[in-house]
Amino acid sequence: MGVLRALRGGDRHRAQHHACQHAGFFTCVGAQSGPARGEDGGKAAGSVPVAIATFATVVTSLLNRLQDAEGSRAETYRELESVLWGDESHLQSSEVDRVIAVALEDLRAAQGGTASVRTAASDVLVALARSHLCDVVSALQGHLKALEETSEEFVLITLRNLATRYALQCVPFAATTLSALRGVLSEVGSGRMLCAVCGVLEQWCSGISMYFREGEKGAFPRLGPAQLCAHIYPLFCYVSRKRRCCEEEEVKQAVLRAMGAMMGVLLHVEEHREHAWEHLLWLLHQYREVWDPFGVTVSLGYFLGAVADIQTRVPRARHLAIATAVHQQLCDEMEPPSPEHRAELCRCMVLQARICPEETIEFLYYKLRNGSKADRVAAVAVLQALVRSDAPDTREKLPLFAKLVQSVCHDPAAQVRRAVLHFIGELLRSSALGCSAWDVVGHLFSEFSRASGRLAMGNLSMVKAREERAVQSLCAHVLGTLDVSAGAVAKLLWPKLLWYVVPAKYTGMLVPLCRCLRSLAERRDRAEQEQEEAAPEALESEEPGGEQKVVAAVAPHAGGGRGAAALQLLQALPSTIHGAVGAKWAADIPLLLQHLAGTTASSLDVAEWESLLLKFLQTSLELIASEAWTVGLSQELSRQLGSSPRLSWEKRFLYKALGTALAACGCLHHVQEQTLEHLKAANFLELWQAQGMVSVVSRCAESHFQLALSLVKEFTGTLKRKKSKARRTRATRAALLVMYGRMALRAPREQLLARVERDVVANVLQLYREGCQDAQLKLSLVQSVTEISLAIQAAGAGPRFELCCKRELLQTLLEVIQEEPQESPVHPRALMAMQQLSKLKPRLSREENCHLLAQCCQGIVCLRRPEQMDRRGQTAVAASCPPGVQAPSLRALGQLMGALLWAELAPIRFEDMVQVLRRWLTSAHACERERALQVCVQVLGSYEERCEHRRGRACEWFGSLAGLLGPLTCDTSAASRWWAVTCLGHLLRTGAENTDVAPWTNEIGRLRERLSAVTSESLLATSTNIAKARVRVGR
7 MGVLRALRGG DRHRAQHHAC QHAGFFTCVG AQSGPARGED GGKAAGSVPV AIATFATVVT
67 SLLNRLQDAE GSRAETYREL ESVLWGDESH LQSSEVDRVI AVALEDLRAA QGGTASVRTA
127 ASDVLVALAR SHLCDVVSAL QGHLKALEET SEEFVLITLR NLATRYALQC VPFAATTLSA
187 LRGVLSEVGS GRMLCAVCGV LEQWCSGISM YFREGEKGAF PRLGPAQLCA HIYPLFCYVS
247 RKRRCCEEEE VKQAVLRAMG AMMGVLLHVE EHREHAWEHL LWLLHQYREV WDPFGVTVSL
307 GYFLGAVADI QTRVPRARHL AIATAVHQQL CDEMEPPSPE HRAELCRCMV LQARICPEET
367 IEFLYYKLRN GSKADRVAAV AVLQALVRSD APDTREKLPL FAKLVQSVCH DPAAQVRRAV
427 LHFIGELLRS SALGCSAWDV VGHLFSEFSR ASGRLAMGNL SMVKAREERA VQSLCAHVLG
487 TLDVSAGAVA KLLWPKLLWY VVPAKYTGML VPLCRCLRSL AERRDRAEQE QEEAAPEALE
547 SEEPGGEQKV VAAVAPHAGG GRGAAALQLL QALPSTIHGA VGAKWAADIP LLLQHLAGTT
607 ASSLDVAEWE SLLLKFLQTS LELIASEAWT VGLSQELSRQ LGSSPRLSWE KRFLYKALGT
667 ALAACGCLHH VQEQTLEHLK AANFLELWQA QGMVSVVSRC AESHFQLALS LVKEFTGTLK
727 RKKSKARRTR ATRAALLVMY GRMALRAPRE QLLARVERDV VANVLQLYRE GCQDAQLKLS
787 LVQSVTEISL AIQAAGAGPR FELCCKRELL QTLLEVIQEE PQESPVHPRA LMAMQQLSKL
847 KPRLSREENC HLLAQCCQGI VCLRRPEQMD RRGQTAVAAS CPPGVQAPSL RALGQLMGAL
907 LWAELAPIRF EDMVQVLRRW LTSAHACERE RALQVCVQVL GSYEERCEHR RGRACEWFGS
967 LAGLLGPLTC DTSAASRWWA VTCLGHLLRT GAENTDVAPW TNEIGRLRER LSAVTSESLL
1027 ATSTNIAKAR VRVGR
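With this note's numbering applied, the sequence shown corresponds to residues 7 to 1041, in that order.
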């Protein structure tokens, strides 16, 4: 048993391989010794010797086991079948007779035999017939006249399987087998037996039709059609009479198939041809009678195959009847045909096209022009099947088929559109000959864009939206499954596909598109290595600007696998793009792909990915160093900007990529022309366009600072001729202010310091003063001044550099602060700008700094409109901020004062800060006291951090400031009391003589929480305790 399983190995083909090692011998490796028990719990089977067993020995051992009823009979038959399939030699006649006898005994057992055992015995006879067909067929023919229908059924099944497996080899036995079947038919008493007989007739007649089709290829003497039809015609007549009595659906299907197969054979003889044609209308009528029409279609396929083989002329009426019947089945929307049935229906129409090509094309054209939606879908499916058949007579008609389908390519029905896409996929897989008259590649992308546009409208029902998404998926599938190995398809795809790499409306197709282009590139590389003249050879000769399209495709895509696909495409095309980038890309692109690996659109750090891509683009442009190449890339990026969706990250990135490309471009005329063109076309009311133009101009300034300044100034001149109050003009001025600051940040150091005051700051001030000074313009001014100050600091201005207009800028910022309402968002940013300006030369005097801080406090702390106060004397903003939460403008003012306190260029002392804040700490308005205390907390906190090393030293201003803060712990405002105690904590930790102040400052912190008491007695008690703690700390 173990040896046989080793021979069989669980797989028929594996056993065949082992059995063919030597003629008639088997090598048994790894065989088990000892008994093995069958699946039915039978007795232990003896082992076959594990050395070298002859084929006869193995077969004899298995036959002995069957005769001795050892183990499972079905399993033993399976092992015997495996051995027989693997043998290339012949058994001795005695062994053959013995195998047949044992198998037939089980095959025809009237009682005690199971279906599994009979099926296994039947399979053994089919395997034995591989080398001993004559013996097996003769034995089966001799048992056809038995009376037991149950046993006879498996004999018939075996005969059917023999004809299925050995169609042509069975033809010499057809006459005797068919004669024997006549006797069986005469005694058929049940529908089950009629099914079995019809199955034999179908397969044997199918083999005879194949024999007629193969012609003289057979190795045995040629049998004429008349000889074979003489035996088939009586059977045909008998089955034709029997069909009228059929009630069961299974019997009807078997009779239909057998009738069709016999009709196909009879067509080869003139005297029976008309009789066969007479039954055609009956066959077509069966589409209305049977429950499953698949059997009718199979039968019709047999008939049409024979008509195509004998090449007889078919009357137009008969052709139309057949085509109509088949087409109706294809169009059935109530009960659509299964995929298997649909394929058979299309095969029938293909046969029709072989028989009557002109009539079939005319029929399909009529359906495409005048038929229903289902008619058009079916007609396109038939044309797709004609393309797939790849027959010589249909290959030359591919342009005609493409033209027919092109007539419905703009059909609005989603089903028709999908059918057209399937046809295009088949056309591209078959040949490019039919694609020359119709841009099928363009239609593929057009359909994708069409579906995307309809989905973007957002007014589709769920069903319609699902249909459009199905169209999109099919477009990507057709493109993704193309085989570009054929030379004709490669020539067609390479120039066309490049045009679809970049446009944003085709973004969803980028992954399969890049796969196709990579395959084309690899094919081209192989052709170059083999020194073949295979087109295409280069992008530059085929498609001007194509390489820029491929590079630009990387930029806007990060999610959905598109970024990786575009990068992989670049990895496959370095020599095509430019010879200078090969080594660098080989090192950089894998790192970029590694960065994308495992990320999604939500998990990807967009800013970091954007930075990596821009660095990759900049490095590539530096290596290429080609003026024409960079000009082409900038033009391609400009075209992308026009088609990419607004408010998308891709659009924002394209602006930055365009600025990077212009910075690398050596053609100043092109840089000037393109930058000015974008400036004039931009609508600065749209925030994304304003930010985009700031990116373009500022990045351009990295290499062309002087040119960028002159362009912005020239563009600014056009604003003077427009109304200053126009919304678009105001938005443009605001964007230009930001643009100057961003240019300063990116400008080369030497050029910046030489031109910053004359060409940057002066223009910024002029733009601001000439415009309508609304909040937007003020915010832009503040941002510009901040970035200009940071740029000067980053440039490392030497001791001789001074910003002469520093005081003018500070005064302008003070005016901005004083003009804006309380807690305006402009305030904290203006104070931040002042903080950065304070770090630049020239140095302000002590008096100027004090005046500056006083003016800032006047604008930030002072309550300028009494109507802002509520009944308790608090502002709305102060009332909305809980204790411990600082308003942004007050925090920024405290940071400015702290920065001035420690700035080398600001000679101001802490007592000056105290004097500036004294006015507001002693103000009659509770809200002003509270706001001053918030600023004081910020300053004292900064001082405490900086003066850690001075703790415990006496300070001249300690007592005066403590005296100011003490009474505020009993202030009428709970928030003021909270901030006052916080100030005291910073002050005591900074100026106390006792360095171990932690216990007492902690006590003050605990007391601070009690300052929210309502009664005056509780407040007085808490304030007294705080004063005592302060005294203890001061000792």
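The beta carbon of each residue, even a glycine, is placed where N, CA and C say it ideally should be.
Start-to-end residues for the alpha helix (DSSP H) that takes in residue i
| i | result |
| --- | --- |
| T330 | R322 to L336 |
| K621 | V612 to I630 |
| A797 | A781 to A800 |
| F309 | F300 to I316 |
| H274 | It is not in any alpha helix (DSSP H) - H274 carries neither H nor E in the DSSP assignment. |
| T738 | R733 to R752 |
| W655 | W655 to A670 |
Residue i burial status per 10 Å Cβ neighbour count (16 or more: buried)
| i | result |
| --- | --- |
| P1054 | Past the boundaries of the shown model lies residue 1054; the chain is included only from 7 to 1041, so the question cannot be answered. |
| T120 | exposed |
| I928 | What sits at residue 928 in the sequence shown is Thr, not Ile. By the 10 Å Cβ count, T928 comes out exposed. |
| E473 | buried |
| D399 | exposed |
| N855 | buried |
| G213 | buried |
| S790 | buried |
| E350 | buried |
| Y372 | exposed |
| L90 | buried |
| E346 | exposed |
| N465 | exposed |
| N689 | exposed |
| C243 | exposed |
| Q358 | buried |
| V1039 | Below a pLDDT of 50, predicted positions are generally treated as unreliable, and V1039, at 47, falls in that range; no measurement from the model is reported. |
| M919 | buried |
Span separating the alpha-carbon of residue i from that of residue j
| i | j | result |
| --- | --- | --- |
| T183 | I316 | 25 Å |
| R247 | Q209 | 20 Å |
| H584 | Q641 | 18 Å |
| A181 | V142 | 16 Å |
| E478 | R424 | The question names Glu, but residue 478 in the sequence shown is Gln. Computed Cα separation, rounded: 9 Å. |
| K502 | V447 | 7 Å |
| A314 | D103 | 43 Å |
| L787 | R764 | 17 Å |
| L526 | G431 | 17 Å |
| A12 | G205 | For A12, the pLDDT reaches just 33, beneath the cut-off of 50, and the residue's location in the model is therefore unreliable, leaving the point undetermined. |
| S436 | L306 | 27 Å |
| T636 | S626 | 10 Å |
Terminal residues of the beta strand (DSSP E) in which residue i lies
| i | result |
| --- | --- |
| T60 | I58 to T60 |
Integer-rounded CB distance, given that residue j should sit under 8 Å from residue i
| i | j | result |
| --- | --- | --- |
| V426 | V386 | 6 Å |
| A797 | A750 | 4 Å |
| C942 | C989 | 5 Å |
| L896 | Q841 | Rounded, the Cβ-Cβ distance is 14 Å, inconsistent with contact. |
| K847 | E814 | Not quite, the Cβ-Cβ distance comes to about 14 Å (not below 8 Å), so this is no contact. |
| F429 | Q390 | 4 Å |
| V105 | L69 | 7 Å |
| K662 | R705 | 6 Å |
| R460 | L516 | Actually they are not in contact, since the Cβ atoms of R460 and L516 sit about 20 Å apart, beyond 8 Å. |
| W744 | K784 | Correcting the residue identity first, residue 744 is Val in this sequence and not Trp. Incorrect: roughly 12 Å between the Cβ atoms, too far for contact. |
| L967 | A986 | Contact flag wrong, Cβ pair sits at about 11 Å. |
Identity of the residue in the options nearest residue i by Cα
| i | options | result |
| --- | --- | --- |
| A981 | R935, S436 and L647 | R935 |
| A457 | A420, G486 and P651 | A420 |
| T722 | E708, F454 and A737 | A737 |
| S716 | L674, L693, G698 and E368 | L674 |
| H449 | R250, V414 and L685 | V414 |
| A803 | E255, A839, R401 and L758 | L758 |
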